[in-house]
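>
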Amino acid sequence: MSRRADPALIGAFVLGALALAVVTILLVAGGEWFRERSQHRLYFEGAAHGLQVGAPVVFLGVKVGTVKHIQLGLDESNHKFVVPVTIEIEPHVVRMRNGEPIDLRNRETVSGLVQRGLRARLRMQSILTGQLYVDLDFHPDKPAHFVATDPAISEIPTIRTAVQEFS
Numbered sequence: 006m007s008r009r010a011d012p013a014l015i016g017a018f019v020l021g022a023l024a025l026a027v028v029t030i031l032l033v034a035g036g037e038w039f040r041e042r043s044q045h046r047l048y049f050e051g052a053a054h055g056l057q058v059g060a061p062v063v064f065l066g067v068k069v070g071t072v073k074h075i076q077l078g079l080d081e082s083n084h085k086f087v088v089p090v091t092i093e094i095e096p097h098v099v100r101m102r103n104g105e106p107i108d109l110r111n112r113e114t115v116s117g118l119v120q121r122g123l124r125a126r127l128r129m130q131s132i133l134t135g136q137l138y139v140d141l142d143f144h145p146d147k148p149a150h151f152v153a154t155d156p157a158i159s160e161i162p163t164i165r166t167a168v169q170e171f172s
């Protein structure tokens, strides 16, 4: 004769399996869902061949984030097409000398860096594959040109690369 299964035991087994699945997902994700990032928009003039979602964002030689979205848009001020690129910067990577994090989610902080010459440009990540990355650096001699179509996200001005200057 077969014994009848205890419903409480089956329920406990199912709940335990669900709890184990949730813990595994959280460990594999590494807490990515709970980490706050700062998003910024860049508007590149001309082609962005080789730039892909997931490409690194490098600030003064240190990887600080990734490219999240790439689109094609029309700059209404001059009727030219631009490539709006949304980047995410990890907040814990950029710090002051004393270890305090610099809050790049704060518009005033980003505006101050832009006034000091913070600009973005596309650089070659690999000559072999033609992949690009976003390079953030200070270029106080380059004027800031803003497209600013979305007031909800801060904009970092871009500068043309040497290849774009000659084309």
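Numbering-wise (our numbering), the sequence shown opens with residue 6 and increments by one. We put the beta carbon where it would ideally sit given N, CA and C, even for glycine.
Rounded to whole angstroms, what is the Cα-Cα separation between Leu77 and Leu65?
Taking the sequence shown and counting its residues from 1, one reaches residue 77 at position 72. Taking the sequence shown and counting its residues from 1, one reaches residue 65 at position 60. Spanning the two alpha carbons is a distance of roughly 27 Å.
> Rounded to the nearest angstrom, what separates His84 and Thr134 at their Cα positions?
In the sequence shown, the residue the question calls residue 84 occupies position 79. In the sequence shown, the residue the question calls residue 134 occupies position 129. Straight-line Cα distance between these residues: approximately 32 Å.
> Any chance you could list the alpha helix (DSSP H) runs of at least 4 consecutive residues sitting entirely within the region 55 to 138, in chain order?
Correct list: 112 to 120.
> Whole angstroms is fine: what's the gap from Glu160's alpha carbon to Glu105's?
If you number the sequence shown from 1, residue 160 lands on position 155. If you number the sequence shown from 1, residue 105 lands on position 100. Distance between the alpha carbons of Glu160 and Glu105 is about 24 Å.
> Please report the Cβ distance between Pro96 and Ser43, rounded to the nearest whole angstrom; I am assuming they are in contact, meaning their Cβ atoms lie under 8 Å.
The residue labelled residue 96 in the question sits at position 91 within the sequence shown. The residue labelled residue 43 in the question sits at position 38 within the sequence shown. Rounded, the Cβ-Cβ distance is 6 Å, consistent with contact.
> Are there 16 or more other CB atoms within 10 angstroms of the CB of Pro162, so buried, or fewer, so exposed?
By 1-based counting over the sequence shown, the position of residue 162 is 157. So Pro162 counts as buried.
> Reducing DSSP to helix, strand and coil, say where Phe49 ends up.
The sequence position of residue 49 within the sequence shown is 44, counting from 1. Here Phe49 sits in strand by DSSP.
> Give the DSSP bridge partners of Ser159, in chain order.
As a working mapping, residue 159 is identified with position 154 in the sequence shown. BP columns for Ser159 point to His45.
> If we ignore side chains and look at the alpha-carbon of each, how far apart do Thr71 and Arg8 end up?
Here residue 71 corresponds to residue number 66 of the sequence shown, with the count starting at 1. Here residue 8 corresponds to residue number 3 of the sequence shown, with the count starting at 1. For Thr71 and Arg8, the distance between alpha carbons rounds to 57 Å.
> Please determine, among Gly122, Phe86, Ala24, Ile75, the residue with the shortest C-alpha to C-alpha distance to Gly51.
Walking along the sequence shown from the start, residue 51 turns up at place 46. For Gly51, the nearest C-alpha among the options comes from Phe86.
> Here's the rule: buried if 16 or more other CB atoms are within 10 angstroms of the residue's CB, otherwise exposed. What is Leu25?
Numbered from its first residue, the sequence shown carries residue 25 at position 20. It counts as exposed.
> Please report the Cβ distance between Leu47 and Ala125, rounded to the nearest whole angstrom; I am assuming they are in contact, meaning their Cβ atoms lie under 8 Å.
For the purposes of this step, residue 47 is identified with residue 42 of the sequence shown, where counting begins at 1. For the purposes of this step, residue 125 is identified with residue 120 of the sequence shown, where counting begins at 1. With 8 Å as the limit, Leu47 and Ala125 qualify as a contact, their Cβ atoms being about 5 Å apart.
> Sorted by chain position, which residues of the same chain lie with C-beta nearer than 7 Å to Gly55's C-beta, five sequence neighbours on each side aside?
Position 50 of the sequence shown, counting from 1, holds the residue named residue 55. Within the same chain, Gly55 has close Cβ partners Gly135, Gln136, Leu137.
> Grouping DSSP H, G and I as helix and E and B as strand, with all else coil, what is Phe18?
Taking the first residue of the sequence shown as 1, we reach residue 18 at position 13. Reduced to three states, the DSSP call for Phe18 is helix.
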